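Student: Got a structure for you, questions after.
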Amino acid sequence: MISSFIIAPLFILIFDRIFFSRSKLRNVIYWTSLVFFLAQMVMVIFPVERFMFCRVDNLSRVSLLSIGLVAFVTVLSSRQIMKDDSKRRIFISLVLIAVIGMNAVSTTRDLFSLYVFMEIASIASFVLIALNKERDAFEGAFKYVLFSAIATVFMLSAIGLILLISGGTSFNSIRDGLRISSHNFLIYFALGVFLSGLFIKGGVAPFHGWVMDAYTAAPASVSIFLAGIATKATGVYTLVRFADSVFLLTAPIKSVLLFVSAVSIIMAAIAAFMQDDMKRMLSYSSVSQVGYIIMGLGCGTPLGITGAMFHFFNHAVFKSLLFINSASLESRAGTRNMSVLSGMGKKMPVTALTSLIAGFSTAGVPPMAGFWSKLIIITALWLSGYRVYAFIAALASILTLGYILKMQRRVFWSRPADKDIQVKGAGFNLVFAETLLAAIIVSVGIFLPFWLRVR
Amino acid sequence: MTLETLIRFWPFFISVVMLFIIGLYCMLVTYNTIRVLIGIELLIKAATLLIIIAGYITNHLALTQSLVITMIVIEVIFITVAMGIVMGIFAHNKGSLDVRDTRNLKG
Amino acid sequence: MLLDIVILSLLILAALWTTMTRSLLRSAIGLASVSAALTIIMFRLRSPVAAVFELSVCSGFISVLFVTAISLTNPLTRSEIMERMKDRLNRFWYLPLIVAAAGLALSLMNVEIFLRLPPAEAERDVRNVLWNMRQLDLLGHIILLILGSFGVAVLFKKQRDK
Chain A
38 MISSFIIAPL FILIFDRIFF SRSKLRNVIY WTSLVFFLAQ MVMVIFPVER FMFCRVDNLS
98 RVSLLSIGLV AFVTVLSSRQ IMKDDSKRRI FISLVLIAVI GMNAVSTTRD LFSLYVFMEI
158 ASIASFVLIA LNKERDAFEG AFKYVLFSAI ATVFMLSAIG LILLISGGTS FNSIRDGLRI
218 SSHNFLIYFA LGVFLSGLFI KGGVAPFHGW VMDAYTAAPA SVSIFLAGIA TKATGVYTLV
278 RFADSVFLLT APIKSVLLFV SAVSIIMAAI AAFMQDDMKR MLSYSSVSQV GYIIMGLGCG
338 TPLGITGAMF HFFNHAVFKS LLFINSASLE SRAGTRNMSV LSGMGKKMPV TALTSLIAGF
398 STAGVPPMAG FWSKLIIITA LWLSGYRVYA FIAALASILT LGYILKMQRR VFWSRPADKD
458 IQVKGAGFNL VFAETLLAAI IVSVGIFLPF WLRVR
Chain B
7 MTLETLIRFW PFFISVVMLF IIGLYCMLVT YNTIRVLIGI ELLIKAATLL IIIAGYITNH
67 LALTQSLVIT MIVIEVIFIT VAMGIVMGIF AHNKGSLDVR DTRNLKG
Chain C
12 MLLDIVILSL LILAALWTTM TRSLLRSAIG LASVSAALTI IMFRLRSPVA AVFELSVCSG
72 FISVLFVTAI SLTNPLTRSE IMERMKDRLN RFWYLPLIVA AAGLALSLMN VEIFLRLPPA
132 EAERDVRNVL WNMRQLDLLG HIILLILGSF GVAVLFKKQR DK
């Protein structure tokens with residue numbers, strides 16, 4: 038389905054390249070892309086099919102909304118973080134291409150087109166990681182290339198095997214084909230291969246090796262975008278979409294999903310404790326939170342999938358906020374090493390407060406939005422009989438709270454060290470992006486129960 | 007799938023599996039970054055062969071051919087960008103393509 | 012049938028040579044010959060259009076890309092290669108054994124897979140399918156080409172010295 042979510046950014050990109058390449062007009066793409074991302078959010082919240090040229094269901098709407106929000110915030114804050122005008126122009130163009138890929142993944146109903154656009158988003162991410170042309174960035178990008186290539190090949194071979202069973206690549210024909218010849222060795226093999234490809238793309242525990250290096254080595258603006266949405270809207274969203282509309286979640290697949298997610302939640306949360314680099318800690322936290330999304334999916338009930346998608350949105354909000362905070366620390370205080378930073382709370386009050394809010398949302402402390410999604414996931418697990426996993430999910434929340442508070446204490450609350458760190462003034466865009474995301478977290482957390490009662 | 011068609015196509019499936027093994031071995035065992043890309047190429051070739059065979063067996067040749075054409079375009083762009091990254095690694099490592107000289111990030 | 016088996020074994024041999032040979036240049040040439048063998052198989056499996064793409068793009072363009080990259084990176088001198096390749100033989104001589112064992116095991120295996128194949132489609136042209144049914148993929152081609160040009164512009168540009 039060719040929708041305006043794909044066409045509009047393409048036109049912005051092409052027109053900018055053709056007409057606005059003079060140095061005075063370098064910021065045209067900045068404003069137009071901001072307007073587009075705002076329009077995407079508005080279009081998704083109030084669905085007007087006349088402007089979208091396609092039908093979207095609620096799953097796609099959550100994904101499109103998160104993509105629009107994170108891309109908006111990324112581009113907005115890049116004005117402060119990325120000083121070089123021409124580099125920022127290339128950055129925004131690549132973000133637009135990645136957004137095209139993710140929007141198409143969110144709206145398509147065809148397995149092969151999904152693969153094509155997932156690959157577009159990944160290749161745009163490679164270039165984005167290597168944008169600054171630093172040594173570590175190249176290494177992180179190369180690791181991402183390796184894992185992504187293996188995932189690609191897995192998904193392609195799964196498509197080849199599925200073509201033997203179904204006559205086409207659209208979701209409907211695949212579902213019919215699977216239903217006709219179910220409980221076949223070949224089908225389970227194909228699904229397993231496809232699932233492991235998606236696990237690699239989404240960065241789930243046994244295959245999470247590339248996540249930390251790619252996120253840590255990427256430039257600051259890029260890691261907001263990558264960690265906030267890029268790998269989730271391709272890998273994790275596709276997993277949910279596939280479970281929802283292609284194969285019914287059978288018992289073996291459920292147990293695999295639950296086990297993998299439990300491993301990734303616990304392991305990444307423990308590893309996050311031992312990190313000194315703030316971005317690396319946040320990437321481990323990202324792996325752990327993706328585990329929650331998959332755990333919600335793994336219990337297979339509609340309530341669980343609702344919780345998973347709600348946590349998907351929440352994760353996009355609080356993780357991009359945390360990465361914006363680390364970018365703000367890096368650009369204003371000059372470092373993001375947590376053993377050097379100390380006593381930043383008085384110098385950067387907005388950053389300290391918003392990162393506390395985002396951290397509480399990550400850990401699931403009551404008034405924040407993350408609390409509700411974790412509550413839904415744990416309730417769904419409990420109701421469908423997976424009590425052990427519900428216990429693991431609840432326990433890992435405490436671990437999460439632990440490392441978040443440790444970060445807060447080291448960076449913001451501790452007494453300033455003898456060697457004073459000079460802090461540059463905050464720009465309007467950074468403060469605006471931080472407060473916007475924090476306001477979303479708090480208001481969703483507070484108003485959600487009322488909103489649910491009204492409906 | 008009747009037994010006859012299976013016997014007819016069994017050599018093709020065997021060679022797909024063999025290509026997979028060769029490609030994975032090439033990717034995982036070597037230390038040279040360009041050779042890693044060659045391993046990725048071999049893996050993609052195996053997947054291409056599998057899709058072509060699937061199209062032939064199920065007689066959906068038009069569909070699978072159009073899929074393979076799209077795949078080839080993706081493969082070219084993928085390899086070009088990956089090659090750019092390899093050249094960047096080369097430029098930053100004092101002219102070495104060895105992965106062992108590259109490991110800087112840990113974790 | 013016999014011809015198919017001969018071409019397939021040529022393909023596997025070319026892939027083995029690609030992996031095992033010492034020189035990177037020969038490796039790239041081996042990759043091109045794997046592509047060429049694959050082209051013949053595709054042609055024999057009644058997929059001529061895709062075969063043409065495989066021959067021109069994979070066997071042509073990608074080999075050119077690899078050869079360019081290899082010659083730009085000034086490979087090590089011969090003695091250095093020998094130094095580094097000493098442990099190479101130890102790591103690589105398992106590969107033909109593994110491949111041969113896998114092939115033998117699979118060919119002796121008595122697999123019974125009962126699949127109900129999907130109904131065959133009506134005789135259609137590739138061009139029709141590509142232009143009428145897979146328009147999103149064609150749009151993807153355009154975006155991929157733009158993305159590739161951005162990637163080349165970012166990655167291959169020389170860094171300005173400040």
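Chains as they are written, first to last, in my numbering: chain A, 38 to 492; chain B, 7 to 113; chain C, 12 to 173.
Virtual Cβ for every residue (Gly too), placed ideally from N, Cα, C.
Since the model is a prediction, treat every value here as computed from it, not as a measurement.
Can you tell me where the alpha helix (DSSP H) holding A:S451 begins and where it ends?
Tutor: Note, A:S451: premise wrong, no alpha helix (DSSP H); not H, not E.
Student: Mind checking who C:D15 pairs with in its DSSP beta bridge?
Tutor: Paired residue(s): none; C:D15 is not in a bridge.
Student: In angstroms, rounded to a whole number, what distance separates the CA positions of A:P404 and C:F167?
Tutor: Computed Cα separation, rounded: 49 Å.
Student: Using the three-state DSSP reduction, which class does A:S376 fall into: helix, strand or coil?
Tutor: Coil.
Student: Using a threshold of 8 Å, state whether the C-beta atoms of A:G246 and A:A195 are closer than that.
Tutor: No, the Cβ-Cβ distance between A:G246 and A:A195 is not below 8 Å.
Student: What are the partner residues of A:D314, as DSSP defines its beta bridges?
Tutor: Paired residues: A:N374.
Student: Just checking: is the beta-carbon of C:F167 within a distance shorter than 8 Å of some beta-carbon in chain B?
Tutor: Closer than 8 Å: yes.
Student: Could one say the Cβ of C:S71 lies closer than 8 Å to chain A's Cβ atoms, at least one of them?
Tutor: For the record, residue 71 of chain C in the displayed sequence is Gly; it is not Ser. Output row for C:G71: interface = no.
Student: Name the chain A residues whose beta carbon is nearer than 8 Å to that of C:D148?
Tutor: Simply F149, S150, V153.
Student: Compute the Euclidean distance between the alpha carbons of A:F57 and A:T399, then round it to the nearest angstrom.
Tutor: Roughly 41 Å separates the two Cα atoms.
Student: For a quick check, are the C-beta atoms of A:A264 and A:S320 less than 8 Å apart?
Tutor: Yes; because the gap between Cβ atoms is below 8 Å, this pair is in contact.
Student: Name the chain A residues whose beta carbon is nearer than 7 Å to that of B:I91?
Tutor: Near B:I91 (Cβ distances below 7 Å), the residues of chain A are F163, A167, F175, A178, F179, V182.
Student: Looking only at DSSP bridge pairs, what is A:D147 linked to?
Tutor: Answer is A:S207.
Student: I need the straight-line Cα distance from A:I413 to C:H152, nearest angstrom please.
Tutor: In a straight line, the C-alpha of A:I413 is about 41 Å away from that of C:H152.
Student: Strictly below 9 Å CB to CB, what residues from chain B border A:K170?
Tutor: G94, A97, H98, listed in chain order.
Student: Out of C:A113, C:L150, C:N143, C:P130, which has the shortest C-alpha to C-alpha gap to A:G204?
Tutor: The shortest Cα separation from A:G204 among C:A113, C:L150, C:N143, C:P130 belongs to C:P130.
Student: For B:N1, which three-state DSSP category applies?
Tutor: Residue 1 of chain B is absent from the structure shown; chain B starts at 7 and stops at 113.
Student: Could you check whether the Cβ of C:I154 sits closer than 8 Å to any Cβ belonging to chain A?
Tutor: Chain A, which has a Cβ nearer than 8 Å to the Cβ of C:I154, makes this yes.
Student: Report yes if the C-beta distance between B:M93 and B:L43 is below 8 Å; otherwise report no.
Tutor: Result no, Cβ atoms of B:M93 and B:L43 do not sit closer than 8 Å.
Student: Taking a cut of 9 Å between CB atoms, which residues from the region 50 to 71 of chain A lie near chain C?
Tutor: Listed by position along the chain: L50, I51, R54.
Student: Given that C:V60 touches chain B, what residues does it touch there, using C-beta distances under 8 Å?
Tutor: Correct list: Q71, I75.
Student: Less than 8 Å between CB atoms is the rule here; does A:T271 satisfy it with respect to chain C?
Tutor: False, the Cβ-Cβ gap to chain C never drops below 8 Å.
Student: Does C:L36 have its Cβ less than 8 Å from a Cβ in chain B?
Tutor: Not an interface residue.
Student: Taking just the CA atoms, how far does A:L223 sit from A:V136?
Tutor: Using only the alpha carbons, I get a separation of about 35 Å.
Student: Could you list which residues in chain A have their beta carbon closer than 7 Å to that of B:L56, in chain order?
Tutor: Ordered by position in chain A, the residues that pass the 7 Å Cβ test against B:L56 are S194, G197.
Student: Please classify C:W104: is it buried, with 16 or more other beta-carbons within 10 angstroms of its beta-carbon, or exposed?
Tutor: Counting Cβ neighbours within 10 Å, C:W104 comes out exposed, since fewer than 16 surround it.
Student: Does B:V5 have its Cβ less than 8 Å from a Cβ in chain A?
Tutor: Nothing about residue 5 of chain B can be read from this structure; chain B reaches only from 7 to 113.
Student: At which residue ranges does the region 84 to 115 of chain A contain complete alpha helix (DSSP H) runs of 4 or more residues, listed in the order of the chain?
Tutor: Entirely contained in the region 84 to 115 of chain A, the alpha helix (DSSP H) runs reaching 4 residues are, in chain order, 86 to 89.
Student: Taking all protein chains shown into account, do 16 or more other C-beta atoms lie within 10 angstroms of the C-beta of A:A406, making it buried, or fewer, making it exposed?
Tutor: Buried.
Student: Within the 8 Å Cβ cut-off, does B:G113 reach chain C?
Tutor: Because the pLDDT of B:G113 is 43, which lies under 50, any placement of that residue in the model is unreliable, and the question is left without a value.
Student: Please look up how many angstroms separate the CB atoms of B:I58 and B:T76, rounded, as I've assumed it's under 8 Å.
Tutor: About 14 Å; that fails the 8 Å criterion.
Student: Taking CB distances under 8 Å as the criterion, tell me whether C:I40 reaches chain B.
Tutor: Not one chain B Cβ lies under 8 Å of C:I40.
Student: Could you compute how far the alpha carbon of A:S363 sits from the alpha carbon of C:S46?
Tutor: Taking the straight line from one Cα to the other gives about 47 Å.
Student: Run through chain A and tell me which residues come within less than 7 Å of C:L158, C-beta to C-beta.
Tutor: Within chain A, the residues near C:L158 are I134, I157, I160, A161.
Student: Between B:G113 and the rest of its own chain, which residues show a CB-CB distance below 6 Å, the 5 nearest in sequence each way excluded?
Tutor: Reliability fails at B:G113, whose pLDDT of 43 lies under 50, so the model's placement of it is uncertain and no value is given.
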